[in-house]
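Peer 1: Below are the structure tokens for one structure; questions will follow.
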Amino acid sequence: MKKMIVCMGSVNMDLCMYMQAMPAVGETVRTDNFATYPGGKAGNQAAAAGELGGHVCVLARLGDDSFSSQLTEELRKHGVEDRYLIYEKGATAGIAMIRIDAQGRNSISFTPGANAAISPADVRANADAFEEGGILLITLELPLDTVREAMKLAKERNMQVVLDPSPVPEGGLPADLCAMVDYAKPNEVEAELLSGVPVKDFESAAVACERLMNMGIAHPVISMSDKGAYTCIDGKPVQIAPVKVDAIDSTAAGDVFLGAFAVALAEGEPVERCLNYANTAAALSTTRKGAQSSIPTPQEVMAAL
3 MKKMIVCMGS VNMDLCMYMQ AMPAVGETVR TDNFATYPGG KAGNQAAAAG
53 ELGGHVCVLA RLGDDSFSSQ LTEELRKHGV EDRYLIYEKG ATAGIAMIRI
103 DAQGRNSISF TPGANAAISP ADVRANADAF EEGGILLITL ELPLDTVREA
153 MKLAKERNMQ VVLDPSPVPE GGLPADLCAM VDYAKPNEVE AELLSGVPVK
203 DFESAAVACE RLMNMGIAHP VISMSDKGAY TCIDGKPVQI APVKVDAIDS
253 TAAGDVFLGA FAVALAEGEP VERCLNYANT AAALSTTRKG AQSSIPTPQE
303 VMAAL
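Using my numbering, the letters of the sequence shown map in sequence onto residues 3 to 307.
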């Protein structure tokens, strides 16, 4: 039986506009397009894991609005179990406003809605989701007490904890949380915020990676956009080469990376193989618009590998 991947973080509806260039402060830019896509980090990561063949569920809060209903249905379509979704009466789903420019770069503003209300009590009430030997894939969009409770429960059940350290808390990540993280995937900006080391190239990534390991994170993986990714495995530096694609929208690339990584990890693949699989899936996702709509199939990822 496949190991359960438990995803925790935001489940949102993404409201997207595509434009040639981002507006400057005070500037109005006219576009001739608008689209809504299911999104949110936990939603995207779970959808990616489900689409790529993982056994996955989401533990999150939604509202009783139409967006919440749509988000639930979309997760089901990707093979995600919905029995741990909690619906809050009178609340709304999270909303993300996303602008994407002609180079595929994005700018995002976000209101959490019901996402922000998930509590340590919710974790305890749904403890059966945390199966022995499974994987917890979690973001820092949640209250830190809730993140802490989920990680503690995961460690009690011998689960591997994979952290998306976004957004980085003011003052950094508490030491007790670092000690419970098996894998963390910060991008260059997040790696600098966590470690204090500006990440510009693989040499500076190595310094940041070492500092993150000294903080207690077992395996930091620093994603570096079009440069690929950097980590350290068994004391050996590992550079994950970028995959060359014609990118049009990078909105959910990091989420696809983590969903794919969790699937490969759950299947017992070596870490470097997991990273190459995840990096390829993420690159392919940038060639399509949207978040969950951009997830490649397992066949597409294997062909690209």
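Built from N, CA and C at the ideal position, the CB exists for glycine as well.
The structure presented is a predicted model; accordingly, all values stated were derived computationally and were not measured.
Going by C-alpha to C-alpha distance, which of T253, R107, A305 sits closest to N278?
Peer 2: Counted from its first residue, the sequence shown places residue 278 at position 276. Cα-wise, what sits closest to N278 is A305.
Peer 1: Less than 6 Å between C-beta atoms, sequence neighbours within five positions excluded: which residues of the same chain meet that for G136?
Peer 2: Mapped onto the sequence shown, residue 136 falls at position 134. Cβ neighbours of G136 beyond the five flanking positions: K5, M6, M161.
Peer 1: Quick one: any contact between the region 52-61 and the region 73-93, if contact means 3 or more CB pairs under 8 Å?
Peer 2: yes
Peer 1: Can you tell me which of D34, A152, D184, I97 puts its alpha carbon nearest to the alpha carbon of D124?
Peer 2: Locating residue 124 in the sequence shown gives position 122, counting from the first residue. Per the Cα distances, A152.
Peer 1: Can you find the residues in the same chain that come closer than 6 Å, C-beta to C-beta, to A220, ignoring five residues on each side of it along the sequence?
Peer 2: Taking the first residue of the sequence shown as position 1, residue 220 is located at position 218. Same-chain partners within the cutoff: D184.
Peer 1: In the DSSP assignment, what residue or residues form a beta bridge with P222?
Peer 2: By 1-based counting over the sequence shown, the position of residue 222 is 220. According to DSSP, P222 shares a beta bridge with A186.
Peer 1: Going by CA-CA distance only, name the one from Q72, M21, E190, E194 that's closest to G41.
Peer 2: For the purposes of this step, residue 41 is taken as the residue at position 39 of the sequence shown. Cα-wise, what sits closest to G41 is Q72.
Peer 1: Report yes if the C-beta distance between Y89 and D66 is below 9 Å; otherwise report no.
Peer 2: To locate residue 89, count along the sequence shown from 1; it is residue 87. To locate residue 66, count along the sequence shown from 1; it is residue 64. Result yes, Cβ atoms of Y89 and D66 sit closer than 9 Å.
Peer 1: In chain order, what residues of the same chain lie with their CB nearer than 6 Å to the CB of G11, ignoring the 5 residues before and after it?
Peer 2: The residue given as residue 11 occupies position 9 in the sequence shown. Around G11: K43, A44, T141, E143.
Peer 1: DSSP three-state call for E192: helix, strand or coil?
Peer 2: Reading the sequence shown from its first residue, position 190 is the one you call residue 192. In the displayed model, E192 falls within a helix according to three-state DSSP.
Peer 1: Cα separation between L267 and T30?
Peer 2: Position 265 of the sequence shown holds residue 267. Position 28 of the sequence shown holds residue 30. Their backbone Cα atoms lie some 45 Å apart in a straight line.
Peer 1: Where P222 and A51 are concerned, what is the direct C-alpha to C-alpha distance, given to the nearest angstrom?
Peer 2: By one-based count along the sequence shown, residue 222 stands at place 220. By one-based count along the sequence shown, residue 51 stands at place 49. Cα to Cα, P222 sits roughly 20 Å from A51.
Peer 1: Nearest to L87 by CA position, among R107, R63, S68, is which residue?
Peer 2: Locating residue 87 in the sequence shown gives position 85, counting from the first residue. Comparing Cα-Cα distances from L87 to each of R107, R63, S68, the minimum goes to R63.
Peer 1: Suppose you measure from the CA of A181 to the CA of V240; what does that come to, to the nearest Å?
Peer 2: If you number the sequence shown from 1, residue 181 lands on position 179. If you number the sequence shown from 1, residue 240 lands on position 238. About 22 Å.
Peer 1: Is D228 near T289, with beta carbons less than 9 Å apart?
Peer 2: Taking the sequence shown and counting its residues from 1, the one referred to as residue 228 is at position 226. Taking the sequence shown and counting its residues from 1, the one referred to as residue 289 is at position 287. Result no, Cβ atoms of D228 and T289 do not sit closer than 9 Å.
Peer 1: Considering only residues of the region 233-278, which uninterrupted beta strand (DSSP E) runs meet the minimum length of 3 residues and lie entirely inside it, listed in chain order?
Peer 2: 238-242
Peer 1: DSSP beta-bridge partners for G134?
Peer 2: In the sequence shown, the residue the question calls residue 134 occupies position 132. Contrary to the premise, residue 134 reads as Glu rather than Gly in this sequence. In the DSSP output, where bridge partners are listed per residue, E134 has none listed.
Peer 1: Confirm the yes/no value for this check: CB of V245, any heavy atom of the ligand ADP, distance under 8 Å.
Peer 2: This structure does not include the ligand ADP; it has no bound ligands of any sort.
Peer 1: Using DSSP with H/G/I as helix, E/B as strand and the rest coil, what is P300?
Peer 2: Locating residue 300 in the sequence shown gives position 298, where the first residue counts as 1. In this structure, P300 counts as helix in the three-state DSSP scheme.
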